[in-house]
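Residue numbers (the working numbering): 8 to 231.
Cβ atoms here follow ideal geometry from the backbone N, Cα and C, with glycine treated the same way.
Please read the structure below before turning to the comments.
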Ligand SMILES: [Zn+2]
């Protein structure tokens with residue numbers, strides 16, 4: 008809400024005035040400058056610092072994501088690079104959350120007789136649809152890619168059979184019933200759901216609307 012006086016800064020000071028004569032109450036929403044708590048220069052400077060901090064943090068997050076991707080490349084892809092090439096293994100929609108140390112991606116082969124999970128993880132994982140690996144302090148979820156969104160959804164949520172995940176393909180939404188309890192850490196759990204939603208995008212950067220994760224509609228009716 009904007010400040011009632013200057014109409015340009017966000018109001019963070021909420022005051023209630025009570026008129027002694029009439030007892031009438033009046034609510035006021037003011038910015039810190041108009042409320043007399045800060046000078047305009049102070050306010051501008053703080054905003055500037057906040058912007059800088061935010062830019063720095065997003066840069067750091069991007070760098071951390073890049074490092075995690077690289078780590079996965081070195082652990083999973085590099086040791087079997089020639090096989091990955093000859094068996095035409097592809098990875099899809101690699102999505103990383105550096106804060107929660109989580110990475111998700113799908114894998115497939117252009118050759119129908121090749122099992123990409125077997126190529127990446129060895130004979131013990133042949134036929135599996137979802138493999139989880141801890142690489143350093145990161146949890147890596149690799150699942151069998153599928154063109155069909157329902158099968159893809161099943162593969163992504165295979166380790167969480169009670170998750171209650173469903174897609175709304177028209178609205179491009181992913182709902183997950185146990186959105187907070189997939190992992191012990193609810194933040195990691197929500198992060199998994201967010202990264203999972205990303206997997207359903209076509210990969211076309213021109214695509215206007217992207218898939219999003221939405222909280223499970225607890226009450227009857229619309230979720231949003
Ligand atoms: Zn103001």
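Any non-hydrogen atom of ligand 2 within 7 Å of residue i CB
i, result
"residue 27", "No copy of ligand 2 occurs in the structure displayed; its ligands are ligand 1 alone."
For residue i: DSSP bridge partner residues
i, result
"residue 113", "99, 150"
"residue 23", "34"
"residue 140", "147"
"residue 17", "9"
"residue 181", "174, 220"
"residue 104", "109"
Sequence-distant residues of the same chain with beta carbon closer than 6 Å to residue i, five excluded per side
i, result
"residue 59", "none"
"residue 25", "32"
"residue 119", "none"
"residue 167", "189"
"residue 81", "none"
"residue 95", "116, 117, 118"
"residue 128", "138"
Contact check, residue i vs residue j, beta carbons under 8 Å
i, j, result
"residue 182", "residue 189", "no"
"residue 210", "residue 151", "no"
"residue 176", "residue 146", "no"
"residue 87", "residue 138", "no"
"residue 107", "residue 52", "no"
Residues near residue i by beta carbon distance below 8 Å, same chain, minus five either side
i, result
"residue 50", "16, 38, 39, 40"
"residue 216", "179"
Residues of its chain near residue i, where Cβ-Cβ distance is below 7 Å and the 5 sequence neighbours each way are ignored
i, result
"residue 153", "159, 162"
"residue 143", "78"
"residue 136", "150, 151, 162, 165"
"residue 45", "39"
"residue 156", "174, 176, 207"
"residue 47", "40"
"residue 169", "185"
Rounded C-alpha distance that separates residue i from residue j
i, j, result
"residue 207", "residue 18", "39 Å"
"residue 213", "residue 174", "22 Å"
"residue 13", "residue 42", "11 Å"
"residue 221", "residue 74", "28 Å"
"residue 130", "residue 140", "15 Å"
"residue 89", "residue 67", "33 Å"
"residue 27", "residue 8", "27 Å"
"residue 133", "residue 121", "10 Å"
"residue 93", "residue 124", "15 Å"
"residue 102", "residue 201", "9 Å"
Integer-rounded CB distance, given that residue j should sit under 8 Å from residue i
i, j, result
"residue 97", "residue 72", "Wrong, their Cβ atoms sit about 20 Å apart, outside the cutoff."
"residue 219", "residue 204", "6 Å"
"residue 148", "residue 111", "5 Å"
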